[in-house]
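For the record, the sequence lines run as chains A and B.
All residue numbers for the first sequence refer to the numbering used here, where the first residue is 326 and numbers rise by one.
All residue numbers for the second sequence refer to the numbering used here, where the first residue is 13 and numbers rise by one.
Glycine included, C-beta positions come from ideal geometry on N, C-alpha and C.
A quick write-up on the structure given underneath.
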Amino acid sequence: MSIKGQAYIMGAYEHPLRDAPDKSTPQIHAECAKGALEDAGLTKDDIDGYFCAGDAPGFGGMSMIDYMGLRNVRHMDSTETGGSSYILHVGHAAQAIAQGKCKVALITLAGRPRQQKFGGFGGGGRPGQLTDGPPEAGFENIYGGTTHNTYAMCAARHMYEYGTTSEQLAWIKVAASHHAQWNEHAMLRDVVTVEDVLNSPMISDPLHRLDCCVVSDGGGALIVTSPEIAASLNRPKVKVIGAGESPKGPMGGHDLDLTHSGALWSGPIAFEEAGVKPSDMKYASIYDSFTITVLMQLEDLGFCEKGQGGKFVADGNLISGVGKLPFNTDGGGLCNNHPTNRGGITKVIEAVRQLRGEAHPKVQVPNCDLAIAHGTGGSLGTRHGSATLIMERE
Amino acid sequence: MSDTKTAPEAQARKIPAPPVTIESKPFWDAAAEGRFLIKRCNSCGKAHWYPRAICPICFSDDTVWEESPGEGVIYAHSVMRRSPTGPFAIGYVTLDEGPAVLTNFVDCDLDALAIGQRVKVRFQDTENGPPVPVFSPI
């Protein structure tokens with residue numbers, strides 16, 4: 326579909342300041358957003374697409390989305406091409422609007438190069454000097470938060486609200502290990518038991534060492550083509566049929582809900598676009614930075630009712646050939662790899678293997694024609710970006 | 013549950029100096045005086061955390077600093093056992109004013125912390141920076 330005539334620029338605002346010693350960079354982003362919204366006659370909650378480049382403090386758009394409290398964002402793009410980024414973003418926004426991924430896109434730029442004498446961007450505080458990094462840094466980064474203890478808080482809260490147990494979480498690792506034994510490249514190939522997980526050292530309550538993914542080098546790549554080129558190639562065709570995305574953050578401290586992930590929104594968007602439902606999935610690649618990550622995302626994607634994830638994953642229900650939902654048949658992040666601490670691409674790769682029928686014979690799902698790859702980046706315990714992809718073998 | 017000893021003393025982990033921005037400076041200036049500030053929006057009436065110039069609830073720029081007693085309940089917490097300076101507790105406190113605050117819990121038996129427990133703010137010194145808010149059971 327061409328973007329021609331599919332999108333309109335309806336709001337624009339240029340910040341009046343040329344020397345801004347009294348405002349932070351996030352604040353100027355927000356003031357520009359406010360000005361453009363007022364120019365358009367729209368409100369913050371109308372925004373469902375956010376576009377920014379490297380000048381936006383934090384990672385991707387997550388910090389600014391959370392700073393501004395953009396609760397309804399369903400499309401995110403932080404493509405960085407320097408000064409041309411924002412022109413490129415208009416084109417990307419038009420594509421997203423034409424495809425129904427969003428209706429109101431916000432693009433912001435802001436910065437304070439004249440104030441750099443007061444300190445650099447990012448990093449820790451320089452005693453006595455002002456910095457201009459991610460807006461949450463001074464209020465969060467100082468408390469020793471890591472992925473381990475912030476995800477552990479999610480697990481603790483999930484146990485508190487729903488009675489989820491460490492034994493149930495352990496079943497997720499057990500399933501991953503059953504798959505990893507067949508993967509010659511997996512870091513951890515030994516099959517483990519629930520007891521092995523519970524007896525491994527406590528890292529951050531209530532997560533044990535075996536609740537955590539591996540740390541690995543490595544990487545991955547994907548090629549996505551047009552239907553015409555796909556038809557010309559001599560490989561099984563894996564068709565993309567649905568995609569959804571969503572940010573989630575505390576948004577001012579009122580939306581903090583550590584038992585839910587952004588999959589609550591990205592999942593339904595992807596399933597609706599694909600015209601399928603969770604129970605149709607033959608295979609699931611679910612981001613597994615920790616066992617709790619899998620459990621929360623399975624619930625939020627709709628594979629079971631909220632709070633029932635513990636029962637759903639128990640007793641081998643995620644083991645290929647044993648349970649109802651074979652997951653992470655490469656061994657996942659829990660046993661196989663987690664290249665540069667970003668496991669999303671390996672989730673797609675194993676789903677492609679399954680849909681092609683090229684997974685290890687011991688874990689290949691028979692007649693695997695529908696699969697999901699889902700991931701969460703950042704931290705479930707603070708702010709994160711969620712992405713869901715539905716694929717079909719053609 | 014834990015094989016690590018914990019002691020009812022301030023955590024050994026040193027808290028680094030917080031990065032202070034022009035937007036957050038009033039908070040840290042007040043912290044240096046032992047006062048805990050939050051931001052409230054005059055337009056929608058709601059308090060939010062962390063403090064921002066523009067309200068993340070309604071996008072009004074009419075936000076004001078307000079001194080808070082800094083009391084609330086533990087929403088969730090975790091004791092990090094793998095730490096070179098000994099175990100420490102991270103967690104969220106839901107302030108009585110509404111918003112949730114990420115923090116550390118200090119001067120307490122870390123194994124006795126519980127969701128729903130009432131806690132109150134105090135300030136812990138940092139190296140070459142302003143003191144930062146931490147919480148202890150009341």
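At a cut-off of 7 angstroms between beta carbons, residue 130 of chain B makes no contact with chain A.
Non-local C-beta neighbours of residue 557 of chain A in its own chain, meaning closer than 8 angstroms and more than five positions away in sequence, are absent.
Taking a C-beta cut-off of 9 angstroms against chain B, the contacting residues of the region 351-380 of chain A are 351, 352, 355, 356, 358, 359, 362, 368, 369 and 370, listed in chain order. For the 7 angstroms CB-CB criterion, residue 97 of chain B and residue 105 of chain B do not form a contact.
With a cutoff of 7 angstroms on beta-carbon distance, residue 706 of chain A and residue 479 of chain A are scored as near each other. With three or more CB-CB distances shorter than 8 angstroms, the region 703-718 of chain A counts as touching the region 585-604 of chain A. Two segments are said to touch when three or more pairs of C-beta atoms, one from each, lie closer than 8 angstroms; by this definition the region 635-649 of chain A touches the region 488-505 of chain A.
In the three-state scheme derived from DSSP, where H, G and I count as helix and E and B as strand, residue 478 of chain A is classed as helix. With respect to the 7 angstroms criterion, residue 419 of chain A and residue 554 of chain A are not classified as neighbours on the basis of their beta carbons. At least one CB atom of chain B sits nearer than 7 angstroms to the CB of residue 457 of chain A. Shown here, residue 417 of chain A sits in a helix according to DSSP, grouped into three states. Membership of residue 332 of chain A in any beta strand (DSSP E) is not indicated, and neither H nor E is assigned to it by DSSP. Within its own chain, the residues whose Cβ lies closer than 7 angstroms to the Cβ of residue 422 of chain A, once the five positions on either side in sequence are excluded, are 331, 332, 428 and 430, listed in chain order. For residue 576 of chain A, the C-beta contacts it makes with chain B under 7 angstroms involve 68, in order along the chain. Under the 7 angstroms criterion on CB atoms, residue 436 of chain A is classed as non-interfacial with respect to chain B. Residues of the same chain with a CB within less than 6 angstroms of the CB of residue 511 of chain A, apart from the 5 flanking positions on each side, are 505, 656, 660 and 661 in chain order. For residue 99 of chain B, no Cβ of chain A is located within less than 7 angstroms of the residue's own Cβ.
Per DSSP, the continuous beta strand (DSSP E) segment holding residue 609 of chain A begins and ends at 608-611. Against chain B, the beta carbon of residue 393 of chain A has neighbours under 9 angstroms at 64, 66, 68 and 71, listed in chain order.
Here residue 701 of chain A carries a strand assignment [DSSP, helix/strand/coil]. Under the DSSP assignment, residue 107 of chain B falls in the beta strand (DSSP E) whose first and last residues are 100-107. At least 7 angstroms separates the CB of residue 96 of chain B from every CB of chain A.
Residue contact with chain A for residue 93 of chain B: present (Cβ-Cβ distance below 7 angstroms to some residue of chain A).
Going by DSSP, residue 38 of chain B is part of the alpha helix (DSSP H) stretching over 37-44. Taking 7 angstroms as the Cβ-Cβ cut-off, the region 643-668 of chain A has no residue approaching chain B.
In the structure shown, the three-state DSSP call for residue 75 of chain B is strand.
Following the DSSP letters along the chain, one finds residue 670 of chain A inside the alpha helix (DSSP H) bounded by residues 669-681. At a cut-off of 7 angstroms between C-beta atoms, residue 38 of chain B does not count as an interface residue with respect to chain A. Chain A has a Cβ within less than 7 angstroms of the Cβ of residue 33 of chain B.
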